[in-house]
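So the sequence shown is numbered by our numbering: it starts at 1147 and just counts up by one.
Read through the structure below, which is laid out as structure tokens, and then see the notes.
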Amino acid sequence: IEFNTAGHSNQESGKVFGSLETKYKVKDYGLSFTEKWNTDNTLYSEVSVQDKLLEGLKLAFEATFAPQSGNKTGKFKAAYGHENVKVDSDVNVDLNGPLINASAVLGYEGWLAGY
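If you want it as structure tokens, here you go:
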């Protein structure tokens, strides 16, 4: 189990922000569970699996919840990285319809091309 805390203060606005993060890894299965809580009272969770289905592939689901407003978000993420290839994709789960973001970069003999 890993614990991490962070904080910063904006001198102009006087606002202070902090967060607490816990991470638990199950190395035998490539699983990682992450929980975050910040001073805006937003809860964040992520479940991910890496390098188990395919070397260099990471699959994850992220969720956030703001209890004071009832706002909820969810996102499916996939990323694949190899020596000459990097592909990322995010699918935001929303009641208004999904939003898909994707990118790819290919490399060959020192040249890079991406979209």
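For glycine and all other residues, C-beta sits at the position ideal for the given N, C-alpha and C.
Bear in mind the structure is a predicted one, so any value in this text is a computation, not a measurement.
Within a Cβ cutoff of 6 angstroms, which residues of the same chain sit near residue i, ignoring the five residues on either side of it in sequence?
i: T1219; result: T1210
i: D1197; result: G1176
i: T1185; result: F1163, G1164
i: A1225; result: K1204, D1234
i: A1259; result: L1252
i: H1228; result: G1202
i: V1191; result: It should be noted that the sequence gives Ser, not Val, for residue 1191. Hits under 6 angstroms: E1181, A1209.
i: W1183; result: L1166, L1189
i: N1230; result: G1253
i: S1155; result: V1162
Just how far apart, CA to CA, sit residue i and residue j?
i: L1189; j: S1178; result: 17 angstroms
i: D1240; j: K1232; result: 26 angstroms
i: E1208; j: S1194; result: 9 angstroms
i: G1153; j: A1212; result: 19 angstroms
i: N1242; j: E1255; result: 43 angstroms
i: K1161; j: L1199; result: 44 angstroms
i: G1216; j: W1257; result: 47 angstroms
i: N1247; j: F1149; result: 30 angstroms
i: K1173; j: S1159; result: 43 angstroms
i: T1151; j: K1221; result: 24 angstroms
Check whether the Cβ atoms of residue i and residue j lie closer than 7 angstroms to each other.
i: N1187; j: Q1214; result: yes
i: A1250; j: K1223; result: no
Can you list, in chain order, the residues of its chain with a C-beta nearer than 8 angstroms to that of residue i? Leave out the 5 residues immediately preceding and following it.
i: I1147; result: T1168, K1169, Y1170
Please classify residue i: is it buried, with 16 or more other beta-carbons within 10 angstroms of its beta-carbon, or exposed?
i: K1204; result: buried
Give me, in chain order, the residues of the same chain whose beta-carbon lies closer than 7 angstroms to that of residue i; leave out the 5 immediate sequence neighbours on both sides.
i: P1244; result: V1237, N1238
Threshold first: 3 residues or longer. Then list the beta strand (DSSP E) segments lying entirely within the region 1210-1249, N to C. 1217-1227, 1231-1239
Which complete beta strand (DSSP E) runs does the region 1155-1193 hold, if anything under 3 residues is left out? 1162-1172, 1177-1184
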